[in-house]
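Working notes, beginning with the structure itself.
Protein chains: 2
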Amino acid sequence: MSDNKIPYKIYLEENEMPTQWYNVRADMKKKPEPLLNPATGKPMGHADLAPVFCDELIEQELDDVTPYIDIPEEIIRFYKMYRPSPLVRAYFLEEKLQTPAKIYYKFEGNNTSGSHKLNSAIAQAYYAKKQGLKGVTTETGAGQWGTALSMACTYFGLDCKVYMVKVSYEQKPFRREVMRTYGASVVPSPSETTEVGRKILAEHPGTTGSLGCAISEAVEVATKTEGYRYVLGSVLNQVLLHQSIIGLETKIALDKYGIRPDIIIGCAGGGSNLGGLISPFMGEKLRGEADYRIIAVEPASCPSFTRGKFAYDFCDTGMICPLAKMYTLGSGFIPSANHAGGLRFHGMSPVLSQLYHDGYMEAVSVEQTSVFEAAEMFARAEGTLPAPESSHAIRAAIDEALKCKEIGEEKTIVFGLTGTGYFDLTAYAKYNDGEMTDYIPTDAELEESFAKLPKVE
Amino acid sequence: MSDNKIPYKIYLEENEMPTQWYNVRADMKKKPEPLLNPATGKPMGHADLAPVFCDELIEQELDDVTPYIDIPEEIIRFYKMYRPSPLVRAYFLEEKLQTPAKIYYKFEGNNTSGSHKLNSAIAQAYYAKKQGLKGVTTETGAGQWGTALSMACTYFGLDCKVYMVKVSYEQKPFRREVMRTYGASVVPSPSETTEVGRKILAEHPGTTGSLGCAISEAVEVATKTEGYRYVLGSVLNQVLLHQSIIGLETKIALDKYGIRPDIIIGCAGGGSNLGGLISPFMGEKLRGEADYRIIAVEPASCPSFTRGKFAYDFCDTGMICPLAKMYTLGSGFIPSANHAGGLRFHGMSPVLSQLYHDGYMEAVSVEQTSVFEAAEMFARAEGTLPAPESSHAIRAAIDEALKCKEIGEEKTIVFGLTGTGYFDLTAYAKYNDGEMTDYIPTDAELEESFAKLPKVE
Numbered sequence: 000m001s002d003n004k005i006p007y008k009i010y011l012e013e014n015e016m017p018t019q020w021y022n023v024r025a026d027m028k029k030k031p032e033p034l035l036n037p038a039t040g041k042p043m044g045h046a047d048l049a050p051v052f053c054d055e056l057i058e059q060e061l062d063d064v065t066p067y068i069d070i071p072e073e074i075i076r077f078y079k080m081y082r083p084s085p086l087v088r089a090y091f092l093e094e095k096l097q098t099p100a101k102i103y104y105k106f107e108g109n110n111t112s113g114s115h116k117l118n119s120a121i122a123q124a125y126y127a128k129k130q131g132l133k134g135v136t137t138e139t140g141a142g143q144w145g146t147a148l149s150m151a152c153t154y155f156g157l158d159c160k161v162y163m164v165k166v167s168y169e170q171k172p173f174r175r176e177v178m179r180t181y182g183a184s185v186v187p188s189p190s191e192t193t194e195v196g197r198k199i200l201a202e203h204p205g206t207t208g209s210l211g212c213a214i215s216e217a218v219e220v221a222t223k224t225e226g227y228r229y230v231l232g233s234v235l236n237q238v239l240l241h242q243s244i245i246g247l248e249t250k251i252a253l254d255k256y257g258i259r260p261d262i263i264i265g266c267a268g269g270g271s272n273l274g275g276l277i278s279p280f281m282g283e284k285l286r287g288e289a290d291y292r293i294i295a296v297e298p299a300s301c302p303s304f305t306r307g308k309f310a311y312d313f314c315d316t317g318m319i320c321p322l323a324k325m326y327t328l329g330s331g332f333i334p335s336a337n338h339a340g341g342l343r344f345h346g347m348s349p350v351l352s353q354l355y356h357d358g359y360m361e362a363v364s365v366e367q368t369s370v371f372e373a374a375e376m377f378a379r380a381e382g383t384l385p386a387p388e389s390s391h392a393i394r395a396a397i398d399e400a401l402k403c404k405e406i407g408e409e410k411t412i413v414f415g416l417t418g419t420g421y422f423d424l425t426a427y428a429k430y431n432d433g434e435m436t437d438y439i440p441t442d443a444e445l446e447e448s449f450a451k452l453p454k455v456e
Numbered sequence: 000m001s002d003n004k005i006p007y008k009i010y011l012e013e014n015e016m017p018t019q020w021y022n023v024r025a026d027m028k029k030k031p032e033p034l035l036n037p038a039t040g041k042p043m044g045h046a047d048l049a050p051v052f053c054d055e056l057i058e059q060e061l062d063d064v065t066p067y068i069d070i071p072e073e074i075i076r077f078y079k080m081y082r083p084s085p086l087v088r089a090y091f092l093e094e095k096l097q098t099p100a101k102i103y104y105k106f107e108g109n110n111t112s113g114s115h116k117l118n119s120a121i122a123q124a125y126y127a128k129k130q131g132l133k134g135v136t137t138e139t140g141a142g143q144w145g146t147a148l149s150m151a152c153t154y155f156g157l158d159c160k161v162y163m164v165k166v167s168y169e170q171k172p173f174r175r176e177v178m179r180t181y182g183a184s185v186v187p188s189p190s191e192t193t194e195v196g197r198k199i200l201a202e203h204p205g206t207t208g209s210l211g212c213a214i215s216e217a218v219e220v221a222t223k224t225e226g227y228r229y230v231l232g233s234v235l236n237q238v239l240l241h242q243s244i245i246g247l248e249t250k251i252a253l254d255k256y257g258i259r260p261d262i263i264i265g266c267a268g269g270g271s272n273l274g275g276l277i278s279p280f281m282g283e284k285l286r287g288e289a290d291y292r293i294i295a296v297e298p299a300s301c302p303s304f305t306r307g308k309f310a311y312d313f314c315d316t317g318m319i320c321p322l323a324k325m326y327t328l329g330s331g332f333i334p335s336a337n338h339a340g341g342l343r344f345h346g347m348s349p350v351l352s353q354l355y356h357d358g359y360m361e362a363v364s365v366e367q368t369s370v371f372e373a374a375e376m377f378a379r380a381e382g383t384l385p386a387p388e389s390s391h392a393i394r395a396a397i398d399e400a401l402k403c404k405e406i407g408e409e410k411t412i413v414f415g416l417t418g419t420g421y422f423d424l425t426a427y428a429k430y431n432d433g434e435m436t437d438y439i440p441t442d443a444e445l446e447e448s449f450a451k452l453p454k455v456e
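Top to bottom, those sequences are chains A and B.
The first sequence runs contiguously to residue 456 in numbering that gives the first Met the number 0.
The second sequence runs contiguously to residue 456 in numbering that gives the first Met the number 0.
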C-alpha cells in the first residue's frame with residue numbers, strides 16, 4: 000500500500016480487537032526456569048503459590064504450553080473502555096529527524112492510569128473477583144500500576160491496598176490522590192503495618208523505600224489477611240500474557256496496512272510492556288516464520304540486561320518472595336538517587352531474560368539526560384508529553400532512525416509508547432532547569448550487589 | 000440501527016473529518032452586537048483591532064455572514080495529530096445510573112494540553128505565522144489554554160509569552176513546567192513587566208491575580224512589542240468558529256449511526272467548548288431544521304448566564320480591551336477563593352449570550368461539591384478522570400439522565416467532556432478529604448459589581 004495512504008493514527012474497529020491473549024512461552028524451545036521456593040530450593044507448584052496469588056492466575060503463571068488463552072468477556076468489555084489503543088505513524092518526528100525511516104508507535108497512555116498497566120490490572124482484578132476474594136494488595140513505585148489497579152478494583156468492587164514506595168508517596172501526592180479518587184487505600188512503604196516493614200525501618204531508619212521492599216510488605220499483608228491475595232504489575236509470566244494485547248493489536252494494525260516492521264523497540268523495567276509488545280512478533284521469530292530486530296532499552300543507572308547476571312534471585316528486598324531465574328542486579332540494588340526515569344526494578348521478566356539469554360533479542364542502556372532530550376524532542380514534534388519510562392524507547396528509536404539517515408536505509412521501526420508524563424513534571428523541571436545529571440553504577444558497586452545473590456544448586 | 004451495534008467509542012476515519020469550520024453567526028437572525036472601542040463607544044473595525052489581533056483572525060472575528068470557512072491544510076494536518084476525538088457511548092455510566100437514557104460524550108482530553116483548547120490554539124498560531132509575526136502573547140488561568148498555545152507555537156516556531164494568573168502559577172507548577180517543555184516563557188500575573196501589572200500591584204499589593212488582569216498584561220505586551228499580537232482562548236467569535244470542529248465531528252459521528260440527540264450539554268466559562276460543541280446543532284435549530292434542548296452549565300460561584308446582566312462590559316480587569324455585549328458579572332468580579340472548578344471568567348461569549356438572550360438555549364448553575372461528586376462517579380464508571388470544568392457538564396448530564404429514569408423516558412443526551420483532571424488533583428484531594436465547600440455570591444455582591452458596568456449609549 001502506498002505510504003501516503005497510511006493514516007496518522009491507526010485505530011482498529013471493536014470487532015478487530017483480539018479475543019485471545021498470546022502466551023509466547025508456548026513457542027519457546029527453552030522455557031523460562033520455574034520459580035523456586037526460597038526455603039527448599041524446589042520448584043513451586045500451584046499449592047505453593049496459592050497463598051500468595053489468585054488460583055486462575057497461577058494456572059496462567061505455570062502454563063508454558065498453551066499458545067492462546069481466551070480473554071474473558073468481562074475483560075473484553077472493560078478493554079473497550081480505553082482500547083483499542085492507536086498505532087501512530089510518527090510523521091512529524093520523521094520530518095524533524097529528516098530520516099528515511101518509517102516510525103510507528105503503539106500508544107498506551109490514553110487512559111487515566113496513564114500507561115499500559117491497566118491491561119493486566121483489569122485481568123488480575125477479574126480473576127480475584129471470580130475467586131470470591133475481598134481484595135488485593137500490591138506495591139507501586141511511580142504510581143502507574145497502583146492507579147491502574149485501583150481503577151480495576153473499583154470496577155469489580157474489590158478492596159485495593161497499595162504500598163507505595165515512600166519517596167514517591169511524598170514526591171508524587173497527585174498520583175496518590177488519583178488512587179484515592181478510585182477508592183484505593185495507599186500506605187507509604189516501608190511502614191509500621193507489616194513485620195517486614197518494621198524490620199526494614201529498624202535496620203534503615205531513614206530509608207525512603209524501594210520497590211523490592213514495598214513488594215515484601217504487600218505480599219505479607221496478602222498472605223496474612225483472610226480473603227486477600229497479592230497482585231504484581233510486571234515481571235511475572237501472567238503479566239506478559241495479559242500485556243500481549245499490546246503486541247496483538249499492533250500486529251493486526253500493521254497487517255491491515257501491509258506494513259512489516261524491521262525493528263521493534265520497547266523500554267524495559269520489569270518487562271511488562273516490552274514483553275507484551277513483542278510477544279506475537281517474537282512468536283513468529285521463534286517459529287522461524289519471520290525475523291525482526293527486537294531491542295530492549297533500559298536505564299544506564301539500572302542496567303539489568305546489559306550488566307546484570309542471569310541467575311536465580313529474589314524479586315523483593317525482604318526475601319520472602321519466590322526465587323526467579325532472571326537477569327538481575329541483586330535484590331539489594333537500588334538505582335542512584337538522581338535517577339528520575341522509572342524502570343528501577345533490580346530484576347527482569349524470566350521470559351524475557353531467557354529470550355535474551357538465547358539470543359532472540361538485543362538490549363541497550365541509555366543515560367537519562369539523553370532520554371529527556373529525546374522526550375522533549377518527541378513532545379514538541381508529536382504533541383504527546385511522554386512518560387520518562389517510555390522515553391527510553393523513544394531515545395533508541397530516534398537513534399535507529401538517525402542511523403537509517405546516515406546509511407540511507409528505509410527501515411520500519413515500531414516502538415512502544417507506554418504512557419504519558421503528566422505526573423513526572425518534577426523530573427521534567429529538573430531537565431528544563433539544566434539540573435539533571437547521569438549516574439552509571441561502577442563495576443565495584445555491582446560486584447558487591449552480585450555477591451549477595453542467593454546460592455542455588 | 001440497533002443499539003447494541005453502537006461501539007463504545009466512535010472514531011471517524013481521517014477522510015471523514017470536517018474540512019471547513021462552521022460559523023453559527025451566519026444563521027443567526029439577530030447577530031451578536033459588535034465590539035466597541037472603550038474610548039469612543041464606536042464599533043471596532045478591522046483597523047481598530049489590527050494592533051491587537053492577527054489580520055486573518057480579525058476577518059473571522061467580524062464575519063457574521065459566511066457559514067463555512069475552509070480549514071487550512073496545515074491546520075488539518077496538525078488536527079490529525081490528535082483528532083478526530085472519540086465520541087464515547089457512556090455504557091458504564093448508564094449502567095451505574097440505571098437510566099433508560101442514552102448518554103454520549105465527545106472527549107477532547109486525549110492530547111497533552113488536556114483539553115479542547117488546542118483546536119483554536121493551532122489555528123491562531125497558524126495565522127500569526129502566516130502574517131510573519133515573531134510571536135504571540137496570551138493569558139492563562141488553570142493552564143490548559145497556555146499549554147495548548149505553547150504546543151501550537153512550538154510547532155510553527157513562534158515565540159510564546161504566557162501571563163499566568165499568579166495563584167495558578169504558584170499552585171500549579173506542573174502546568175507551568177509543561178508549557179516550559181514546549182518552549183513557552185511563563186510570567187506570573189500581575190507582574191512588574193507591564194504598566195497595567197505595576198498599577199494593579201500598587202493598588203492591590205497582595206493580589207493573587209485574575210484572568211481579567213492577566214489579559215490586560217498580555218494585551219499590553221502584544222501592542223507594545225514589534226512583531227507580536229495577542230491571542231485569546233475563549234469568548235471571541237473566532238474561537239467559537241475554530242471550536243466548531245468539536246460539534247461538526249460529533250454530528251458526523253452521530254449521523255453515521257443514525258443517532259438523534261434530544262439534549263446537548265456543555266460547560267460554560269467563556270464559551271469556547273460549549274459554543275464549539277453546539278454550533279452545527281444550533282445551526283439546524285436556527286434554520287428550523289431540527290430542535291434540540293441545549294443546556295449551558297456554569298458554576299454557581301461564577302454564574303454569568305443565570306445571574307449576570309446582558310450588557311456591554313470590559314473583557315479584562317485593566318479595562319484596556321474592547322467592550323463586548325455579553326452576559327457578565329462585571330469585569331471586577333472574582334469568584335470566591337474556595338472555587339476550584341475553573342470556568343471563572345466574569346463574562347461570556349457574545350455569540351452564546353445573544354443566543355441565550357433570544358431563547359435558543361437554557362442555562363443551569365451547579366455547586367462545586369455536587370460537581371466533584373459527579374466527577375468521582377464518572378471517573379469510577381467510565382475510567383477517565385475528568386477536569387473539574389468538564390465535570391459541570393457531567394453533573395448536568397447525570398441529572399438529566401436521572402430525570403429520564405424517574406419519568407421512564409429514553410432520551411439521548413450528548414455532552415462535552417472537555418478535558419482531563421490530571422493537573423487538578425489539589426482540588427480532588429480537597430474533595431477526597433471532605434474539605435470542599437460551596438459558595439454562592441450574594442445578590443448584594445453582584446449588585447455592587449454590576450454598579451461598575453460601563454455606561455454605553
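Positions of the beta carbon are idealized from the N, C-alpha and C atoms, including for glycine.
Check this for me: beta carbons of A252 of chain A and F304 of chain A, under 9 Å apart or not? Going by C-beta atoms, A252 of chain A is not nearer than 9 Å to F304 of chain A.
Relative to the C-alpha of E12 of chain B, which residue among A:P17, A:T18, A:N14 and A:I5 is closest? Among A:P17, A:T18, A:N14 and A:I5, the Cα nearest to that of E12 of chain B is on A:I5.
Cutting at 8 Å between CB atoms, please list the residues of its own chain near D442 of chain A, excluding the five before and the five after it. Hits under 8 Å: none found.
Using 10 angstroms around the beta-carbon of E399 of chain A, count the other beta-carbons present and answer buried if the total reaches 16, otherwise exposed. Buried.
What's the gap between the Cα of D290 of chain B and the Cα of V350 of chain B? Here the alpha carbons of V350 of chain B and D290 of chain B stand approximately 19 Å from one another.
Along the chain, where does the beta strand (DSSP E) containing K29 of chain A start, and where does it finish? Neither: K29 of chain A is in no beta strand (DSSP E) and is coded neither H nor E.
When you compare the CB of K454 of chain A with every CB in chain B, is at least one pair closer than 9 Å? At a cut-off of 9 Å between beta carbons, K454 of chain A makes no contact with chain B.
Report yes or no: is there a C-beta of chain B within less than 9 Å of the C-beta of N431 of chain A? Judged by the 9 Å Cβ criterion, N431 of chain A is in contact with chain B.
If we cut at 9 Å on Cβ distances, does R24 of chain B have a partner in chain A? No, no contact with chain A.
What is the rounded straight-line gap between the Cα of M360 of chain A and the Cα of S233 of chain A? Computed Cα separation, rounded: 19 Å.
In angstroms with no decimal places, state the Cα-to-Cα distance between A122 of chain A and A183 of chain A. Spanning the two alpha carbons is a distance of roughly 17 Å.
Alpha carbon of A467 of chain B to alpha carbon of V365 of chain B, nearest angstrom: Because chain B here runs from 0 to 456, residue 467 of chain B falls outside it and cannot be looked at.
Please confirm whether P172 of chain B has its beta-carbon closer than 9 Å to some beta-carbon of chain A. It does; some Cβ of chain A falls within 9 Å.
Is the region 314 to 321 of chain A touching the region 427 to 443 of chain A in the sense that three or more CB pairs, one from each, lie closer than 8 Å? Under the three-pair Cβ rule at 8 Å, the region 427 to 443 of chain A does not count as touching the region 314 to 321 of chain A.
For chain B, find out if any of its Cβ atoms is closer than 9 Å to the Cβ of P187 of chain A; answer yes or no. For P187 of chain A, the answer is no, since every Cβ of chain B falls outside 9 Å of its Cβ.
So which residues on chain B does L384 of chain A lean against when the C-beta distance must stay under 8 Å? Here the neighbours are T111, V177 and T180.
Quick one: Cα of Y10 of chain B to Cα of V413 of chain A, how far? Counting only the Cα atoms, V413 of chain A lies some 23 Å from Y10 of chain B.
Rounded Cβ spacing between S167 of chain A and G142 of chain A (contact assumed at less than 8 Å): That belief holds up - the Cβ atoms of S167 of chain A and G142 of chain A are roughly 6 Å apart, short of 8 Å.
Would E107 of chain B pass as an interface residue toward chain A - the criterion being a Cβ-Cβ separation below 9 Å? So no, E107 of chain B is outside the interface.
Identify whether Q97 of chain B lies in helix, strand or coil by the three-state DSSP scheme. Under the three-state reduction of DSSP, Q97 of chain B is assigned to coil, being neither helix nor strand.
For V457 of chain B, which of B:F52, B:F344 and B:A38 has the nearest alpha-carbon? One cannot answer for residue 457 of chain B here, as it falls past the ends of chain B, which runs 0 to 456.
Looking at the structure shown, is T137 of chain A part of a helix, part of a strand, or coil, going by DSSP? Note: T137 of chain A maps to strand in three-state DSSP.
What residues from the region 63 to 85 of chain A come within 7 Å of chain B, judged by C-beta to C-beta, listed N to C? Per Cβ criterion, the list reads K79, M80 and Y81.
Distance, T137 of chain B Cα to D423 of chain A Cα: Looking at the backbone, the Cα of D423 of chain A and that of T137 of chain B are separated by about 26 Å.
Since P217 of chain A is in the alpha helix (DSSP H), which residue starts that stretch and which ends it? The displayed chain sequence assigns Ala, not Pro, to residue 217 of chain A. First-last of the alpha helix (DSSP H) with A217 of chain A: L210 to K223.
Going by Cα to Cα distance, which pick from B:L86, B:N109, B:L231 and B:K404 is closest to E381 of chain A? In terms of CA proximity to E381 of chain A, B:N109 leads the group B:L86, B:N109, B:L231 and B:K404.
contact_flag[the region 87 to 104 of chain B, the region 124 to 137 of chain B] where n(CB pairs < 8 Å) is 3 or more: They do not touch, by the three-pair rule.
Contact list for A378 of chain A against chain D, beta-carbon separation under 9 Å: No chain D is present in this structure, whose protein chains are A and B.
Return helix, strand or coil for A362 of chain A, following the three-state DSSP convention. Here A362 of chain A sits in strand by DSSP.
Could you have a look at E408 of chain A and say whether DSSP puts it in helix, strand or coil? Residue state, collapsed to three classes: coil.
Mind the definition here: the region 325 to 341 of chain A touches the region 382 to 390 of chain A only if three or more C-beta pairs lie below 8 Å; say whether that holds. Using a Cβ-Cβ distance cut-off of 8 Å, the region 325 to 341 of chain A and the region 382 to 390 of chain A are in contact, since at least three pairs of beta carbons, one from each stretch, lie closer than that value.
Starting from the C-beta of V177 of chain A, find all residues in its chain whose C-beta is less than 6 Å away, skip the five residues before and the five after it, and write them out in chain order. Excluding sequence neighbours, V177 of chain A sits near T146.
Residue range of the beta strand (DSSP E) that includes D158 of chain B: From DSSP, the beta strand (DSSP E) with D158 of chain B extends over D158 to V164.
As a quick exercise: from A:P189, A:P334 and A:T224, pick the residue whose alpha carbon is nearest that of T207 of chain A. Taking T207 of chain A as reference, the option from A:P189, A:P334 and A:T224 with the minimal CA-CA separation is A:P189.
Does the Cβ of D312 of chain A have 16 or more other Cβ atoms within 10 Å, making it buried, or fewer, making it exposed? A residue is called buried when at least 16 other Cβ atoms come within 10 angstroms of its Cβ; D312 of chain A meets this threshold and is buried.
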